[in-house]
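These notes concern the structure reproduced below.
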Ligand SMILES: [Fe+2]
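Numbering (full-length UniProt numbering), first residue to last: 1 to 522.
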């Protein structure tokens, strides 16, 4: 996809900062900071800026002050006081036409994060934003409001990403994603990993190292998030478009389920609360996602005009423990038990209500774990992953039946977790080739997790032969870019050949089209 010249200029500006604009007539409003003179001596905007959860009249703007990202106690080198942060929204990337500004307090108890929930903006429009604190100016970000519900449909370019283990490789895939300048980014989790240095190693080893220890305390999680955001490629991806984020397991702990720790951690309830707190602080989330009593609300809907409704799911917090001690299992009857839940009763009902009430052309169900059945065993019998929907098969059937019965147009499930691209048809009964197709699933590979990736054509052919509803598999790193119109959804599975060195180009490994009204991949 080609970039327009003006966008290219913007990206380079965003990468280098825009300090020269500080004193222009359109500059940020003066505050008393001038007399207290730069008590923050170093640039506090090292973690960049972000925006998220657009509505027709607003969006959330985010930053977090951290002059020393890996400073002690996870506080990013900030002093023990609150700091006033000015924000500015403009119509243009040079901030010559400033439309809105204000001040928000970066509170120490929230790790000096700032979440500005804007309203009163115009629908379906591009905006630019930046922050200033005590004489320091942040990089500028580009964001966008959602189109109005009654607007004429216009195409949406959507990028889908997941799984970015910091040690396993460089974030070139985030950089390439940013260069495509999507309107919106959906991140499906494993944004960060909780492991100690080398606690989970990729085949090719580590290109860099996690902060000390596995994450357990609030300070640990805060520092780890800061380490991830210190990556310039990740910051560029945030700066280019608003994101819709939802966590998977590693933002807390590998394969956690509800209140159950996969490692038997006796302090898990507290650890989970710490992880949720740091997640909120480091993501462009609305106030509805402020953690409360050790829980967090992540499942939510975002409407994109008449074209798309996003249903973001939480597939961790409300699930029953994995059946049959987790892992890949054959002959596990418990996975079929009708009492078992993945979404929890309330979220399942919320999702089905949201599908039934949707008037959108496309219903994008953004979630974490593989929904299509995947048999890992060649030949007779099936062996499936207890952590994915195969481990909660009865609830999957209820949900896929709900897709059909809700009358919601064109359900498309967006999935992460697998560290491999997949494209699959979703069927009421995966063991019956004549079973109705009720939607499609697009699974994005990882940005970085598992290192360079590879192509194993024999293994791919074997898996597809065993699972005929899966039409594409790719073990290389990458992301998905969807171009969505009234008529069709076109998904480009982008792939990179290596991430152990910087600079890999991204290519389109496969392209699928889903015509509106046909729940199948072409
Ligand atoms: Fe992952």
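Note that beta-carbon positions come from the ideal geometry of N, C-alpha and C, so glycine has one too.
Computed from a predicted model, the values in this text were never measured in an experiment.
Using the Cα positions of residue i and residue j, report the straight-line distance between them to the nearest angstrom.
| i | j | result |
| --- | --- | --- |
| residue 447 | residue 342 | 26 Å |
| residue 537 | residue 481 | The structure shown does not extend to residue 537, since the chain spans only 1 to 522, so no value can be given for it. |
| residue 353 | residue 78 | 44 Å |
| residue 511 | residue 227 | 34 Å |
| residue 344 | residue 184 | 28 Å |
| residue 229 | residue 237 | 11 Å |
| residue 509 | residue 494 | 6 Å |
| residue 401 | residue 110 | 42 Å |
| residue 365 | residue 135 | 42 Å |
| residue 273 | residue 434 | 45 Å |
| residue 255 | residue 249 | 5 Å |
| residue 430 | residue 242 | 36 Å |
| residue 517 | residue 61 | 36 Å |
| residue 182 | residue 346 | 33 Å |
| residue 404 | residue 355 | 10 Å |
| residue 519 | residue 263 | 40 Å |
| residue 218 | residue 146 | 34 Å |
| residue 317 | residue 157 | 30 Å |
| residue 277 | residue 154 | 37 Å |
| residue 57 | residue 124 | 9 Å |
| residue 86 | residue 102 | 6 Å |
| residue 411 | residue 246 | 19 Å |
| residue 425 | residue 127 | 37 Å |
| residue 196 | residue 213 | 4 Å |
| residue 488 | residue 51 | 27 Å |
Check for me: the alpha helix (DSSP H) holding residue i runs from which residue to which?
| i | result |
| --- | --- |
| residue 229 | 218-229 |
| residue 457 | 457-466 |
| residue 51 | Note, residue 51: premise wrong, no alpha helix (DSSP H); beta strand (DSSP E) at 49-55. |
| residue 279 | 268-282 |
| residue 354 | 345-356 |
| residue 302 | Looking at the DSSP string, residue 302 is not in any alpha helix (DSSP H); the run it does join, the beta strand (DSSP E), is 300-304. |
| residue 398 | 393-406 |
| residue 159 | Segment 156-161 is the beta strand (DSSP E) holding residue 159; no alpha helix (DSSP H) there. |
| residue 235 | 232-240 |
To which residues of the same chain is residue i closer than 6 Å at the C-beta, ignoring the five residues directly before and after it?
| i | result |
| --- | --- |
| residue 224 | 192, 211, 215 |
| residue 490 | 483, 513 |
| residue 507 | 495 |
| residue 522 | 513 |
| residue 4 | Residue placement at residue 4 is flagged as unreliable, the pLDDT there being 40, under the threshold of 50; a coordinate-derived value is accordingly withheld. |
| residue 233 | 171, 174, 175 |
Quick check: does the Cβ of residue i come within less than 7 Å of any heavy atom belonging to ligand 1?
| i | result |
| --- | --- |
| residue 388 | no |
| residue 417 | yes |
| residue 449 | yes |
| residue 168 | no |
| residue 190 | yes |
| residue 445 | no |
| residue 163 | yes |
| residue 422 | no |
| residue 602 | Limits of the chain in this structure are 1 at one end and 522 at the other, which puts residue 602 out of reach. |
| residue 250 | yes |
Tell me which residue opens and which closes the beta strand (DSSP E) that residue i is part of.
| i | result |
| --- | --- |
| residue 181 | Note, residue 181: premise wrong, no beta strand (DSSP E); not H, not E. |
| residue 423 | 421-427 |
| residue 474 | 470-474 |
| residue 260 | No beta strand (DSSP E) holds residue 260; DSSP gives it neither H nor E. |
| residue 58 | 58-64 |
| residue 431 | Run containing residue 431: none; DSSP gives neither H nor E here. |
| residue 412 | 411-415 |
| residue 492 | 488-496 |
| residue 40 | Residue 40 -> no beta strand (DSSP E), and no H or E assigned at all. |
Which residues in the same chain have their Cβ closer than 8 Å to the Cβ of residue i, if we skip the five residues on either side of it in sequence?
| i | result |
| --- | --- |
| residue 12 | Because residue 12 carries a pLDDT of 40, less than 50, the predicted location of this residue cannot be relied on, and the following value inherits that uncertainty. Closer than 8 Å at the Cβ level, and outside the excluded window around residue 12, lies no residue. |
| residue 321 | 257, 258, 260 |
| residue 328 | 376, 383, 384, 385, 386 |
| residue 67 | 40, 41, 42, 43, 44, 46, 76, 77, 78 |
So, at 7 Å on beta carbons, what are the nonlocal neighbours of residue i in its own chain, with the 5 sequence-adjacent residues on each side left out?
| i | result |
| --- | --- |
| residue 449 | 163, 164, 165, 168, 190, 419 |
| residue 231 | 171 |
| residue 105 | 82, 84 |
| residue 290 | 280 |
| residue 208 | 166, 167 |
| residue 235 | 48, 229 |
| residue 462 | 378 |
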